[in-house]
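Visitor:
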Amino acid sequence: MSRNLARLHSSDEVSVTVLVSIGKHPVTGRLRRADQDARALEMALGLSDSEPRVIYAGPLNDSTEPALRGYLGMGVSELKVLRQSEQNDIVPALSGFLDNSPSSLILCGSRAELGESSGLVPYQLADALGYTLVSNVAVIEEVTATLAVVLQALPRGQRRRIEVVLPAILAVDTASPVARQVAYAKASRGFINCVVTDAAEDDATEQWHYQPARKRPKRLKIIKATSARDRFKAAAAKAEGTGGQVLTSVSAEEGAVAILKVLKEEGVLKT
Amino acid sequence: MNDIKRRDPRSEWILRNRLHPEHSTYALTHATGIMSEWIGPTGVKRKNPHLVGFIGPSGLRRIDRSGLQSSQQTSVKVQVDIDSRRFIQINAPSDYIVVVPELPGGRFSAQDKDLFGLAQQLASKHSETTAVLGVILSPLKDTALGEIGMDRVYFADASEFSDYDPEAHLQQLTAIEREFNPLYWLFPEQTSISADLGRRLSVKLKVRATSNVWQLDLDTLIATCRASGGTSDLYRPVSRVILALAECAEPVSDTRHEAKPIDQAINAVDVIKRIRNLGAVSVDPAKVALSEAEFILSGGKGIANWDAFHELARRLGATEGASRVAVDDGHMPRDRQVGATGTWVTARVYLAIGISGAIQHLQGIQACDKVIAINTDPGCDMIKRADLAVIVDSSELIQSMLDQLQQRQEEVQNVA
Amino acid sequence: MLTSLMPWLLAVAILLAVVGALRRARLWLRGRASNVNVWAGIRAMPKRYLVDLHHVVERDRYISNTHVATAGGFVLASVLAILLHGFAWESKLLAWLLLAASGAMLIGAVRVAKRRQSPPDRLSKGAWMRLPKSLMVFAISFLILSLPAVGLLPEGFGGVVLAALLTAGIVWGLAEMFIGMTWGGPMKHAFAGALHLAFHRRSERFGGGRSTGLKALNFDDAQAPLGVEKPTDFTWNQLLGFDACVQCGRCEAVCPAFAAGQPLNPKKLIQDMVVGLAGGSDASYSGSPYPGKPLGEHKGGPFQAIVAREGKGLLDADTLWACTTCRACVEECPMMIEHVDAIVDMRRHLTLERGQTPNKGAEVLENLIATDNPGGFNPGSRMNWAADLNLPILADVKRTDVLLWLGDGAFDMRNQRTLRAFIKVLRSAGVQFAVLGNEERDSGDVARRLGDEATFQHLAKLNIHTLQQYSFRSIVTCDPHSFHVLKNEYPELGGEYVVYHHTTFMERLYRDKQLSLKDWVGGRVTYHDPCYLGRYNGEYDAPRQLLDALGIDRVEMTRSGFRSRCCGGGGGAPITDIPGKQRIPDMRMDDIKASGANVVAVGCPQCTAMLEGVVEPRPQVLDIAELVAQSLIEEETRA
Ligand SMILES: Cc1cc2nc3c(=O)[nH]c(=O)nc-3n(C[C@H](O)[C@H](O)[C@H](O)COP(=O)(O)OP(=O)(O)OC[C@H]3O[C@@H](n4cnc5c(N)ncnc54)[C@H](O)[C@@H]3O)c2cc1C
Ligand code: SF4
Ligand code: SF4
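Chains as they are written, first to last, in the working numbering: chain A, -18 to 252; chain B, 10 to 425; chain C, 7 to 645.
Pasting the structure below:
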């Protein structure tokens, strides 16, 4: 985006909180900062010079701590931890905490990288706190004491401008700017402070089972021909499949026709 | 054909007004006797492509999409196929399953169709009289409602809210909830409008949505969901609100459905809006961030005429990319470089002109679905990677594509 | 009159010089502590100067001879002048000696002046243009002063006029040579240089040794700032080293980044550190600037950040990131200054403290942390390429003669060809070898050069731990970067191994008659020395001997051996990718083309990638392992 991130008009009026979680590397599964949450923090850091409040709710142990330190490595000096067990529902803890010490702008990732990854937490929180919610946020353009103007990411790199009344929760999309690098020294020097909160057992998950992701079968093009001509077309289409086709000794016109045809088939050509 | 049970002044007005953007949609579902073919003032035969089609055996209007009718010779004279699909009509539904399609650009996406397929499967599993209700929240261009599996359809009055209006949309959905108390609510997952609505509704209904569903066992009603950021599968009993991914089920193909509009009044409560849609921000497709682009036109050292290249990108509505050499030579800015030291792109279609396909470049297009290459050297690595390759001079080809695009545009203008 | 003035002049000059020296030393001592053996250093200093330094200076014969005459003449003349004129010793012999010494110095000074008539670009101008004049004035003054003493001229010759002129000359000469030496004039190099040689942080370099591994950072104290942010964060002997620079520009002349128009000039970098040491701006610097960066815009001080967080500091970050760590500058520097250490120290600060590794740097480091390889590939797929080769895995066989270290090239299709070729050679020679397979991790080379010492040490410790599980005699690798790190940088972290580069290993196999080779036919071949094999490890011969063993028509590039020009691939430079006017590999390919070769033999996956990235048509790039494998006479009996 060519537009720079907005600065807060009066940073003392708008307090910003970022909710973060534990991420997981898609290839090795090693724990690390979560990509979207880190982008949310990046967005918050760009908003004002005063440090945003960063909150994590979940288990804190030897394997999660280094991952959490990733957020500290982005330049915040403190991370608040609402310590919960793996089985806990984090929403009551978060909403309880935020109810007591509210923030007019809460940023978070759209979807967690561990557990259910339902993407429901921002919605549940917004509901519990009575905040407005906007999803798929790519850029925050402007924040005043009562309003925020944001750009929402749409497919194909398109954007929609939205004005939202504060207090609000903004769920950040992967189209937002990449999070800054983790600085090792900041990560190791930052403080992790535990805050005591209630814990609520999440009993809905009792019947749930996790397994490593199976590869989704590629859908076979089963052509259920409803008429003789459909059957013929299906048979003909197979023969002229374009996979790895090389057109040598064709004229530029013929080449252009072939390319435009594929573009049309792929649906990227609008005319 | 759907009977118009109530007088609908708006649709009548749209039917009269040929310039109205939704005219053709309405014309197709309601019209009789609007000309689809006529002789223009210059004596050339003109067609309204939106109006061609025929009435199928079930009384539904069908459009032949084989492409035959658009060629010059064959006009509206179309053979009538015997449609072998079963027609299903539910007169008094006992239960409802609601699908809220995303409708990108006013049309059903493939994922929308998959969801209707899933909905029909759930419906037939439940009872003979369970109807699938499609909730259409935005202006619709597609007409084949019954064919994708709608027994009932509810058209919200789209003129009352904008394309993104989650608060008002949610009120519509809660009203439907009150009225029909559906068995299931189905939303296409990872879409920008519907998936958001699904989550809002689930919270409102205090139902824990089953998200990222990619498989549903109809016997046990256990859903398989992509979890942990895509690295694990979660098996769980399905809840009333289902957010399902593309290809979660086969679309409806061997039945046709009534798609009868809901005629009872749905009274949504007004809300104080705290979200205001200020409208689309125009982003020049050529300047879209490479990582987000869906269609990339990329140029390398083999481009002689860069003006023509830019023109082609504009005409195609493609995002511009480049090889490192093109960037080094100053033809393209650095943020346009594709490859190991540039951007790793995820475009569905990648059109590479005059790029040799060095390993560092190919690394950047690993995730691309369809690669089209234009190069004078049939032995280069880009040709090996490409799904379609044309061995031809880049300047000639670009010119040719521009000419043909121009021609098409003129045709379209003539038709309109 | 002059006779009575001389002791005073000398005394004042010496006093001022001493004051200056103390002031300068105080600046150096603001730096961090460093472990040096002060007395051993001072004892060794004359030898280091006369042998090691001269070894480097001698590469430029003209200047070497000039320097002997000038410096030798000056030192001798000064001592004699102090004895004769300071303490008023009467000795005809000493007077003759003084005459000879000033004569020698004069000859030297004239030669300096001649070099300065149309100085090459690499030399600094400014005060350095004054130096030959000062040298001449000093020499002539003492020459004339000695003439009456040896009786060639009558006492009192020239009268008051000459006496006044001589006084003026001696004042000028003393000011430049004595006072200027410690107060920051061009002669500072003599004073700082001598001490720098004594307290050098890599004393192993003297006496023909080699010390190229980076020094480990200590992470024990979590609060201690990491890397170098401000000049005083360097160790005191590093600061002293910067002060020794003579601005000869030999480093500039060989720097590939400078030649490519990237914003780096090693000489300017060292001078910027000198500016920072005392505080000020670069406006008075009189050499070539960083390409594309005008002088006068940057300034700093001993306690100010070198790379400013906002605005301009002493230098910009892109200057530091343009370096390929090729060590060409270090190799050429007559003052044995360690540019690469300084650059990496500053990078450490940018990466570890600020998290500002540019371009793809952050991504590569993240990959190294998450997947143990810079490309982010699945670490479990490291051996996929070799599925058909049935390579013995150390985890299965537990012990082996040779551990073949594959490096991250295992993920790269081009490098897999090299690895296959080398494995063919090993099998043909009947070498018992095994690989670590998926247990191998990146050596940490790139992380370390990008300043991420934490990730380097993490990877290194994991690798060392893995290697501890097995028994093997030596490690062989086709990657000079892994080679260097395993051989020179792991010992400090507790991993000591016998490590060979594959060319060295193949050459030994050939010498031991374990390889039967036929002549390779395919045209003229030139050899490109990888920096991390040549300058870092001194291996220039084995690759050439192998090429000769293949009966190859070998041609040398103008810049080869220790003067080889970098391919541009080291130090993470392709990752940080700082723009310049041209690309380093393109320049190297021009060198290759100029040699008339149609094949360039390489011994490094990075060089292969960089040189093959040059657009065609160009000479073919082949690893020496590939050339050898192509020339094997296969014996049927050996399977
Ligand atoms: C460390 C490193 C990182 C790199 N990173 C990247 C990167 O991120 N991205 C990248 O792109 N490159 C990168 N490169 C450079 C890469 O190796 C290639 O040099 C570069 O991609 C080649 O660009 P090209 O294909 O445009 O040029 P060329 O290789 O010169 O190819 C030009 C092509 O155009 C064809 N051609 C010529 N004339 C015509 C014509 N009239 N009509 C049609 N075709 C024609 C030729 O047949 C040829 O195939 C990197 C290299 C290195 C060493
Ligand atoms: S190491 Fe090489 S690139 Fe770096 S400054 Fe020295 S000569 Fe230049
Ligand atoms: S750093 Fe060394 S080589 Fe470079 S100018 Fe100074 S003395 Fe000469």
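By construction, the Cβ of each residue, glycine as well, lies at the ideal position given by its N, Cα and C atoms.
Predicted, not measured: the structure shown is a model, and the values here were computed from it.
Can you list, in chain order, the residues of its chain whose CB lies under 6 Å from that of A:I87, leaving out five sequence neighbours each side?
Guide: If you number the first sequence from 1, residue 87 of chain A lands on position 106. These residues qualify, in order along the chain: T(-2) and I150.
Visitor: Going straight from the alpha carbon of C:G214 to that of C:A23, what length do you get?
Guide: The residue labelled residue 214 of chain C in the question sits at position 208 within the third sequence. The residue labelled residue 23 of chain C in the question sits at position 17 within the third sequence. Rounded to the nearest angstrom, the two C-alpha atoms are 34 Å apart.
Visitor: If you measure from the CB of B:R333, is any heavy atom of ligand 1 nearer than 7 Å?
Guide: Numbered from 1 along the second sequence, position 324 holds the residue referred to as residue 333 of chain B. A distance criterion of 7 Å places the beta-carbon of B:R333 in contact range of ligand 1, judged by its closest non-hydrogen atom.
Visitor: Return the chain-ordered list of same chain residues with a C-beta closer than 7 Å to the C-beta of B:V297, the five sequence neighbours on each side being excluded.
Guide: Within the second sequence, numbered from 1, the residue matching residue 297 of chain B stands at position 288. So the list reads T328, once near-sequence residues are dropped.
Visitor: Tell me which residues share the same chain as B:V399 and place their Cβ nearer than 7 Å to its Cβ, disregarding the 5 neighbours each side in the sequence.
Guide: To locate residue 399 of chain B, count along the second sequence from 1; it is residue 390. So the list reads I383 and L406, once near-sequence residues are dropped.
Visitor: Listing by chain order, which chain B residues have their CB less than 7 Å from the CB of C:P580?
Guide: Locating residue 580 of chain C in the third sequence gives position 574, counting from the first residue. Neighbours of C:P580 in chain B, taken as residues whose beta carbon is under 7 Å from its own, are T350 in chain order.
Visitor: I need the DSSP call for C:M142, collapsed to helix, strand or coil.
Guide: Your numbering for residue 142 of chain C matches position 136 in the third sequence. Three-state DSSP puts C:M142 in a helix.
Visitor: Can you give me the start and stop residues for the alpha helix (DSSP H) that C:L220 sits inside?
Guide: Numbered from 1 along the third sequence, position 214 holds the residue referred to as residue 220 of chain C. It is not in any alpha helix (DSSP H) - C:L220 carries neither H nor E in the DSSP assignment.
Visitor: Leaving out the 5 sequence neighbours to the left and right, which residues in its chain are closer than 8 Å to A:L128 when beta-carbon positions are compared?
Guide: On the first sequence, position 147 is the one that residue 128 of chain A refers to. If we look at A:L128 and ignore the five residues flanking it on each side, its Cβ neighbours are E144, V145, V146 and L147.
Visitor: Could you list which residues in chain B have their beta carbon closer than 7 Å to that of A:E144, in chain order?
Guide: For the purposes of this step, residue 144 of chain A is taken as the residue at position 163 of the first sequence. Near A:E144 (Cβ distances below 7 Å), the residues of chain B are R285 and L287.
Visitor: Under the rule that 16 or more other beta-carbon atoms within 10 Å means buried, what is C:L21, buried or exposed?
Guide: Taking the third sequence and counting its residues from 1, one reaches residue 21 of chain C at position 15. C:L21 comes out exposed.
Visitor: Inspect the CB distances between the region 333 to 340 of chain B and the region 403 to 420 of chain B and report whether three or more fall short of 8 Å.
Guide: no
Visitor: Identify the contact partners of C:A376 in chain A, using a Cβ-Cβ distance below 8 Å as the criterion.
Guide: Your numbering for residue 376 of chain C matches position 370 in the third sequence. Chain A residues near C:A376: H6, V8, T9, R11 and R13.
Visitor: Measuring straight from C-alpha to C-alpha, what distance separates C:M389 and C:V608?
Guide: By one-based count along the third sequence, residue 389 of chain C stands at place 383. By one-based count along the third sequence, residue 608 of chain C stands at place 602. Roughly 24 Å between the two C-alpha positions.
Visitor: What residues from chain C crowd round B:V334, counting only those whose CB sits closer than 7 Å?
Guide: As a working mapping, residue 334 of chain B is identified with position 325 in the second sequence. Within chain C, the residues near B:V334 are V621.
Visitor: Does any heavy atom of ligand 2 sit closer than 7 Å to the C-beta of C:A263?
Guide: Locating residue 263 of chain C in the third sequence gives position 257, where the first residue counts as 1. C:A263: yes, Cβ under 7 Å from ligand 2.
Visitor: Measure the beta-carbon distance from C:M111 to C:A145 and round it to whole angstroms, keeping in mind my assumption that it falls under 8 Å.
Guide: Residue numbering aside, residue 111 of chain C sits at position 105 when the third sequence is read from its first letter. Residue numbering aside, residue 145 of chain C sits at position 139 when the third sequence is read from its first letter. C:M111 to C:A145, Cβ: 4 Å. Contact.
Visitor: Does DSSP put A:A93 in a helix, in a strand, or in coil?
Guide: What you label residue 93 of chain A is simply residue 112 of the first sequence in a count that begins at 1. Looking at A:A93 - three-state DSSP - the assignment turns out to be coil, as it is neither helix nor strand.
Visitor: Can you list, in chain order, the stretches of the alpha helix (DSSP H) that have 4 or more residues and sit fully within the region 84 to 171 of chain C?
Guide: 98 to 121 and 133 to 156
Visitor: Just to confirm my understanding: we take C:F309, look at its own chain, exclude 5 residues before and 5 after, and list those with CB closer than 7 Å. What are they?
Guide: Locating residue 309 of chain C in the third sequence gives position 303, where the first residue counts as 1. Excluding sequence neighbours, C:F309 sits near K236 and T238.
Visitor: List the residues of chain A that B:D390 touches, going by C-beta distances under 7 Å, in chain order.
Guide: On the second sequence, position 381 is the one that residue 390 of chain B refers to. The premise fails here: B:D390 is roughly 13 Å from chain A at the closest Cβ pair, so nothing lies under 7 Å.
Visitor: Name, going along the chain, the residues of the region 101 to 129 of chain A whose beta-carbon falls closer than 7 Å to a beta-carbon of chain B.
Guide: L101, Y104, Q105, D108, T113, V115, S116 and N117
Visitor: Could one say the Cβ of B:I374 lies closer than 8 Å to chain C's Cβ atoms, at least one of them?
Guide: For the purposes of this step, residue 374 of chain B is identified with residue 365 of the second sequence, where counting begins at 1. Chain C, which has no Cβ nearer than 8 Å to the Cβ of B:I374, makes this no.
Visitor: Is the beta carbon of C:E338 within less than 7 Å of some heavy atom of ligand 3?
Guide: Sequence index remark: in the third sequence, residue 338 of chain C carries index 332 (1-based). Because some heavy atom of ligand 3 lies under 7 Å away, the Cβ of C:E338 counts as near it: yes.
Visitor: Between B:I368 and chain C, is any beta-carbon pair separated by less than 8 Å?
Guide: For this step, residue 368 of chain B is matched to residue 359 along the second sequence. Closer than 8 Å to some Cβ of chain C, the Cβ of B:I368 qualifies, so yes.
Visitor: How would you label C:E513, buried or exposed, when you count the other beta carbons within 10 angstroms and need 16 or more for buried?
Guide: Position 507 of the third sequence, counted from the first residue, corresponds to residue 513 of chain C. Buried: at least 16 other Cβ atoms inside 10 Å.
Visitor: Where does the unbroken beta strand (DSSP E) through B:W5 begin, and where does it stop?
Guide: In the structure displayed, chain B extends from 10 to 425; residue 5 of chain B sits before or after that span and is not available.
Visitor: Check distances from the C-beta atoms of the region 232 to 251 of chain A to those of chain B and list, in chain order, the residues that come in under 8 Å.
Guide: S232, A233, E234, G236, A237, V238, A239, I240, L241, V243, L244, E247, V249, L250 and K251
Visitor: Can you check which of these residues, C:C613, C:G586, C:P585 and C:I581, is closest to C:M595 by C-alpha distance?
Guide: Translated into positions along the third sequence, residue 595 of chain C becomes position 589. C:M595 has its Cα closest to that of C:C613, out of C:C613, C:G586, C:P585 and C:I581.
Visitor: In the region 354 to 376 of chain C, which residues sit with their C-beta less than 8 Å from some C-beta in chain B, listed in chain order?
Guide: N365 and K366
Visitor: Mind pulling the chain A residues with CB within less than 7 Å of C:A2?
Guide: No answer is possible for residue 2 of chain C: the residues shown for chain C start at 7 and end at 645.
Visitor: Give the range of the beta strand (DSSP E) segment to which B:C1 is assigned.
Guide: Past the boundaries of the shown model lies residue 1 of chain B; chain B is included only from 10 to 425, so the question cannot be answered.
Visitor: Quick one: is B:V297 near chain A, going by C-beta distance under 8 Å?
Guide: On the second sequence, position 288 is the one that residue 297 of chain B refers to. So, interface residue.
Visitor: Check whether the Cβ of C:P580 sits closer than 7 Å to any heavy atom of ligand 4, and report yes or no.
Guide: By its list of ligands, the structure shown excludes ligand 4, since it contains just ligand 1, ligand 2 and ligand 3.
Visitor: Return the residue from the list B:S133, B:A349, B:L195 and B:G366 that minimises the CA-CA distance to B:Q143.
Guide: Locating residue 143 of chain B in the second sequence gives position 134, where the first residue counts as 1. Gln is not the amino acid found at residue 143 of chain B; the sequence shown has Gly there. That would be B:L195, whose Cα lies nearest to the Cα of B:G143.
Visitor: Going by DSSP in three states, B:V162 sits in which element: helix, strand or coil?
Guide: Within the second sequence, numbered from 1, the residue matching residue 162 of chain B stands at position 153. In this structure, B:V162 counts as strand in the three-state DSSP scheme.
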